[in-house]
Amino acid sequence: MDPDYLPFHASPKKPDFQPPAGAVDAHCHVFGPAAEFPYHPKRKYTPCDASKSQLFALRDYLGFERNVIVQASCHGTDNAALEDALIAAGDLARGVAVLSPDVTDAELQRLHAAGVRGTRFNFVKRLVDSTPREVFYALAERVKALGWHIVVYFEAPDLEDLRPFLADLAQEQVVVVDHMGRPDVGLGVDSAEFDAFVQLMTDNPNIWTKVSCPERLTQTAPDYSDVVPFAKRLVEQFSDRVLWGTDWPHPNMKSHTPDDGALVDVIPQIATTPELQQALLVDNPMRLYWD
Ligand code: 0GY
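Residue numbers (the working numbering): 21 to 311.
Structure representation (structure tokens):
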């Protein structure tokens, strides 16, 4: 079973930027290993195996202390690999699960005990079949009782369609938007498209975002400077509602193999003071996932 995309970097550089003590990589994945945790039969891509021990080794190498591990579409609603990694990590990891509409209360409790604190709603058409909004509303209601938040993944052209739904959810729960809502960076940081995303966050104080994935958004790989103004704008405007993550092991990367050390070196360009770095890497993720 060969992966559909480039394998992750085998020997990333040691970053020049040293994250503050207690830093959290708030968006990364574990995949398989398939022999132990098979991929979902209806997945849209086959990933590279990326084990928990490889993730924890990368965490230490890059200078991070904790991980937030996000269930990706290739494992469907079977969160077994995620749960296994969370249990192994103990207090050093938290998780975001993808839930089936008929998930039992017992399963939710078990996931919570393992460290899950959020559920992910994926709207990216190349990754998942569409799910009716009523299903998501019902799941949001159920996890609210556990104090979980919602993580959403969509691309910028879908924002207007989703805006009322996101605003509804954010009335009572934190909603974290993956990868800055995936702007087209070619349009520029002052574009109407990106202004619309900034407006979403301005109007909804419960909406957070991950200023992650320059490797996916750039049009000049492996130079990520075209993405920097987007992330910097959000970090400066919403400093207490931003998170950062590596996105290791970078599923579906076809343009280039990102060097995780180089990704860490983007951080001081988007969070330019020690205070902003502390908020982005420590205070915000700790408040959302460990309080
Ligand atoms: C990411 C991005 C991607 C994949 C998934 O659930 C997923 O399969 O999120 C992507 O292909 O853009 O956040 O890892």
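Note that beta-carbon positions come from the ideal geometry of N, C-alpha and C, so glycine has one too.
Item                                                                                                          : Value
A109 to F76 span [Cα, whole Å]                                                                                : 8 Å
Residues near N87 in its chain [Cβ-Cβ closer than 6 Å; skip 5 each side]                                      : D45, C48, R79, A113
Residue(s) in a DSSP beta bridge with C48                                                                     : I89
Pairwise C-alpha distance: H29 and Y309                                                                       : 28 Å
Terminal residues of the alpha helix (DSSP H) in which R183 lies                                              : 179-189
Any non-hydrogen atom of the ligand 0GY closer than 7 Å to A92 Cβ                                             : yes
Range covered by the alpha helix (DSSP H) that runs through H132                                              : 125-134
Same chain, Cβ closer than 7 Å to V144, five either side skipped, listed in chain order                       : Y173, F174, E175
Inter-residue Cα distance where the pair is R63 and A101                                                      : 15 Å
CA-to-CA distance, A117 to G52, given in whole angstroms                                                      : 15 Å
Contact test: H321 Cβ vs the ligand 0GY heavy atom, cutoff 7 Å                                                : Only positions 21 to 311 of the chain appear in this structure, which leaves residue 321 out of reach.
Opening and closing residue of the alpha helix (DSSP H) in which K164 lies                                    : 153-164
Rounded C-alpha distance that separates I287 from D210                                                        : 21 Å
Inter-stretch contact at 8 Å, needing at least 3 Cβ pairs: the stretch 188-195 / the stretch 156-169          : yes
Extent of the continuous alpha helix (DSSP H) to which V248 belongs                                           : 248-257
Environment of R140 [buried if 16+ CB atoms lie within 10 Å]                                                  : buried
Collapsed DSSP secondary structure at R261 in the structure displayed                                         : coil
Other residues of its chain near D178: CB distance less than 8 Å, five sequence neighbours each side excluded : F143
Local Cβ density within 10 Å of A212, reported as buried at 16 or more and exposed below that                 : exposed
Proximity winner among S150, L220, I170, relative to P184 (alpha-carbon distances)                            : L220
With 16 other Cβ atoms within 10 Å as the buried cut-off, status of H276                                      : exposed
Residue interval of the alpha helix (DSSP H) (run including K72)                                              : 72-82
Classification of G167 by the beta-carbon crowding that lies within 10 angstroms, buried from 16 upward       : exposed
7 Å CB neighbourhood of P23 in its chain, flanking five on each side removed                                  : T66, P67, C68
Backbone secondary structure at Y65 - three-state DSSP                                                        : coil
8 Å CB neighbourhood of V205 in its chain, flanking five on each side removed                                 : L237, T238, Q239, D246, V247, F250
Those residues which DSSP pairs with G138 across a bridge                                                     : V116, H169
Nearest-angstrom Cβ-Cβ length linking P305 and L263, presumed shorter than 8 Å                                : 6 Å
Closer than 7 Å: D267 CB and nearest the ligand 0GY heavy atom                                                : yes
Closer than 7 Å: Y173 CB and nearest the ligand 0GY heavy atom                                                : yes
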